[in-house]
Each structure stands twice: as structure tokens, then as C-alpha cells.
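Here's the structure we're looking at; comments come further down.
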Amino acid sequence: MPWRSWPNPTQANSPHRASPSGVLSSEMAPAARETARVPLRLLLIGGEDSSGRAGLGADRETVALLSRDLPPGMTLSALTVPTAHTVQSGMELHELGARKAEEWGAEVRHILADPQKSPAAAKFGLLPGRAHLEMAAEIIRELAPRCPVVLDPVAGTSGGSPFLSRSDLSFLLEHVLPAGPILTPNIPEAALLTTSDPRQLASDPAPRLDAAASLLRAGAAAVLLKGGHGIEDQIQDLLAQPGSEPSWIRHPRIPGPGLRGSGCRHASALAVGLAQGQSLIQAARGASAHLAGLMGRRT
Numbered sequence: 001m002p003w004r005s006w007p008n009p010t011q012a013n014s015p016h017r018a019s020p021s022g023v024l025s026s027e028m029a030p031a032a033r034e035t036a037r038v039p040l041r042l043l044l045i046g047g048e049d050s051s052g053r054a055g056l057g058a059d060r061e062t063v064a065l066l067s068r069d070l071p072p073g074m075t076l077s078a079l080t081v082p083t084a085h086t087v088q089s090g091m092e093l094h095e096l097g098a099r100k101a102e103e104w105g106a107e108v109r110h111i112l113a114d115p116q117k118s119p120a121a122a123k124f125g126l127l128p129g130r131a132h133l134e135m136a137a138e139i140i141r142e143l144a145p146r147c148p149v150v151l152d153p154v155a156g157t158s159g160g161s162p163f164l165s166r167s168d169l170s171f172l173l174e175h176v177l178p179a180g181p182i183l184t185p186n187i188p189e190a191a192l193l194t195t196s197d198p199r200q201l202a203s204d205p206a207p208r209l210d211a212a213a214s215l216l217r218a219g220a221a222a223v224l225l226k227g228g229h230g231i232e233d234q235i236q237d238l239l240a241q242p243g244s245e246p247s248w249i250r251h252p253r254i255p256g257p258g259l260r261g262s263g264c265r266h267a268s269a270l271a272v273g274l275a276q277g278q279s280l281i282q283a284a285r286g287a288s289a290h291l292a293g294l295m296g297r298r299t
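Numbering-wise, the working numbering puts 30 at position 30 of the sequence shown, and it's gapless, one number per residue.
See the structure below:
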């Protein structure tokens, strides 16, 4: 599916308008601009992490941090729907706590039926099994014509506990990607989805181009392949879109321990930029810069 810009459902009815760069402009008088509000909503669907460091906790924290830098008059709030309530400590998963897909799916549809809660963008995280992937495919098909949908294909915990089986990954490729989400895999997830050698993807940026192209052919609207698991001195995130040259987004690799929930934060930062009406490349660069800033403050 070709990349497109979505109309922002809130800005479309606002005296403010988003320029192609995502910066608001207005023909209003200065006094009116000071009091006008453009309320944006970001729909977040994923797992709750009992530690609060990953999943929806990391998503909400990202929205709160990035909301400080919104254009004047714009506000952003998160609408969260949990797919699971995980129990984790450190890198270990003790309990998945998956909800029934029908339960969280009904919650999402109640949100979508309310015009006052219409999302400017959506982000999916943990989908713990086939029924959840089926529900996500249905909802993404409904959402994708209305707003950007980011899908972070969380295949397992940082400690290696799997969330998705090989069959689940095949279903994601064959049925979820054709619904048209923007896919944000890390290198191990891209390797799983494309049956590539993870060591080769980590050691050489060139095969990542082939992996991203394969995911586009499977139906993704775009692919942001996160490069944090690479071994090169600079982190190289890869943005691939149909009909466009791939873009490499480079930022320094900062030594130190890993940041729990970094993938969640990266994907939700991308969704925040898209919710503002930014172009995909602008939102991707902003998301990479946000994550680099978090890593720098961690040391």
C-alpha cells in the first residue's frame, strides 16, 4: 500500500491547520491563538508491565515527555487499552496475564464509536497470541484509512521469553501486515519475521534493506527498522516506504546498560509525531532523537 498522509481528525475541524512539516499555522488573531486548543488523542494498545518500565507504562511516559514540546495550543492525551497484565522482574517474565481479545477489542470499539475520542494516531504493542493478532488485524483495517497506525511487533521479552510462536509470526505476516500498519521491528524481530540470519542483520546494515523490502511486500505501509541491536559504532535506524528511497537515521551509540522498554518508547514516540501531522521521515527522526536523548540521560 502506498504511503499517504492522513487527515488529522481534530485539526481538520480546527481553525489551526498543519503544514506539510507538521507545524501548526493559523489565520486567527493572536489573542485567539493563545486560548485555542487542539486536543489530540493517541490510542495505545499493548501490555501492562508490572514494573512500569515497558509496555503501556513506557508509552504513557513517552507521551507525557513529548507533550512538553508540542506547538502552542496543541494538547495530547493517551487512551490506553491493555491486552495483558504481565508480571515481570528484571528481565524475567513470571506471568503473562493475557486478557481475552474480545474484551480489549470491545473497549477499542467503544473508543472509536465516540467522536470526542477519535484518535489522531494509534500504536499497537504486545499482542499475546493468535486471537489477539486476529483482533488487531480487524481493528487496523478499520483504523488505517482514518489515521496512522504503528505496530511494534513485540515477539518476546528482553530476557528472551517468547510472546509469539512461529505460527503467530506467520499470521502476522499474512493477515496483519496487509491491513497497512507502520511496522517498527528491532533487528531480532525483523530476522524472525523474514527468516533472516539475526547475526548477519546485526553485523551488516545492508541486509536490513532486504528485510525491510520484504516486510513492505507483505503489506506494511512503511517500516522503521530499529538499529539498536546492530554492532556498528553508530546506531542506524532504517526507514523504508513504498516508492521512496530508504532513509538511514543515524545517532550515537551510548555505552552502558540497556534501557528497558526502549523499543516501546521508540515506537510510541513515532506515533506521537504522526499524531501531530508530521511527515513520516520527520516523525521517525524525532523518535530516534528522543530515544538517543533518553539513553544519554541514563548514563
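Glycine is no exception: its CB is placed at the ideal position from the N, C-alpha and C atoms.
Should residue i go down as buried or exposed, given a rule of 16 or more other Cβ atoms within 10 Å for buried?
| i | result |
| --- | --- |
| I231 | exposed |
| R199 | exposed |
| K226 | buried |
| S21 | Annotation note: pLDDT 31 at S21 (below 50); position unreliable, coordinate value reported separately. Result: exposed. |
| L239 | buried |
| E174 | exposed |
| P115 | exposed |
| G105 | buried |
| E48 | buried |
| D237 | buried |
| T35 | Confidence at T35 is low in this model, with a pLDDT of 41, below 50, so the placement of that residue should be treated as unreliable; the coordinate-derived value is given next. Flag for T35 reads exposed. |
| D59 | buried |
| Q11 | Low confidence applies here, because Q11 scores a pLDDT of 43, under 50, leaving its location unreliable; read the following figure in that light. The residue is buried, with at least 16 neighbouring Cβ atoms inside 10 Å. |
| T157 | buried |
| Q376 | The requested residue 376 is not part of the displayed model; the chain covers only 1 to 299. |
| G57 | buried |
| A113 | exposed |
| H94 | exposed |
| S262 | buried |
| P148 | buried |
| H132 | buried |
| N13 | Model confidence at N13 stands at a pLDDT of 38, short of 50, so the residue's coordinates are unreliable; what they give is reported in the following sentence. Burial call: exposed. |
Taking the alpha-carbon of residue i as reference, which of the options has the nearest alpha-carbon?
| i | options | result |
| --- | --- | --- |
| P188 | D168, P153, L172 | P153 |
| T195 | V223, D210, P205 | D210 |
| V63 | L183, S268, Q278, V81 | S268 |
| R265 | E102, T184, A202, Q282 | T184 |
| A218 | I235, D197, Q241 | Q241 |
| Q278 | A120, A213, H229 | A120 |
| S247 | A222, P255, G261 | A222 |
| P72 | R99, V38, L224, G46 | V38 |
| H85 | K100, A212, A136 | K100 |
| V81 | L40, L96, E103 | E103 |
| A78 | V272, L216, S214 | V272 |
| G97 | G46, R68, S67, V108 | G46 |
What first and last residue would you give for the alpha helix (DSSP H) that runs through residue i?
| i | result |
| --- | --- |
| I139 | 130-143 |
| A64 | 55-67 |
| I111 | 101-112 |
| A155 | Note, A155: premise wrong, no alpha helix (DSSP H); not H, not E. |
| I187 | 187-194 |
| P252 | First-last for P252: 247-252, but that is the beta strand (DSSP E), not the alpha helix (DSSP H). |
| R146 | Looking at the DSSP string, R146 is not in any alpha helix (DSSP H), and its letter there is neither H nor E. |
| L169 | 166-171 |
With residue i as the anchor, note down where its beta strand (DSSP E) starts and where it stops.
| i | result |
| --- | --- |
| E48 | 38-49 |
| D301 | Because residue 301 is not part of the residues shown, which for the chain are 1 to 299, the question remains open. |
| V223 | 222-225 |
Could you give the C-beta distance for residue i and residue j, rounded to a whole number, given that I count them as a contact under 8 angstroms?
| i | j | result |
| --- | --- | --- |
| L126 | T83 | 6 angstroms |
| E288 | H251 | The residue asked about is misnamed: residue 288 is Ser in this sequence, not Glu. Indeed, because the Cβ distance is near 5 angstroms, the residues count as touching under 8 angstroms. |
| M295 | I249 | With a Cβ gap of about 14 angstroms, M295 and I249 do not count as contacting. |
| L270 | A283 | 5 angstroms |
| L163 | P128 | Sequence check: residue 163 is Phe here, not Leu. 5 angstroms between Cβ atoms; contact. |
| K123 | L42 | 7 angstroms |
| I139 | G180 | Not quite, the Cβ-Cβ distance comes to about 12 angstroms (not below 8 angstroms), so this is no contact. |
| L169 | L201 | Not confirmed; about 16 angstroms, so no contact. |
Below 6 angstroms, is the gap between the Cβ of residue i and the nearest heavy atom of the ligand ADP?
| i | result |
| --- | --- |
| R60 | Among the components modelled here there is no ligand, and therefore nothing to report on the ligand ADP. |
In this structure, what does DSSP give as the bridge partners for residue i?
| i | result |
| --- | --- |
| L79 | L43 |
| F124 | I45, L151 |
| H94 | Paired residues: none, contrary to the question. |
| Q88 | L93 |
| V183 | It should be noted that the sequence gives Leu, not Val, for residue 183. Answer is L151, V223, bridged to L183. |
| P162 | G156 |
Looking at chain D, is there any beta carbon in it that lies within less than 7 angstroms of the beta carbon of residue i?
| i | result |
| --- | --- |
| L40 | The chain inventory of the structure shown lacks chain D, comprising one protein chain alone. |
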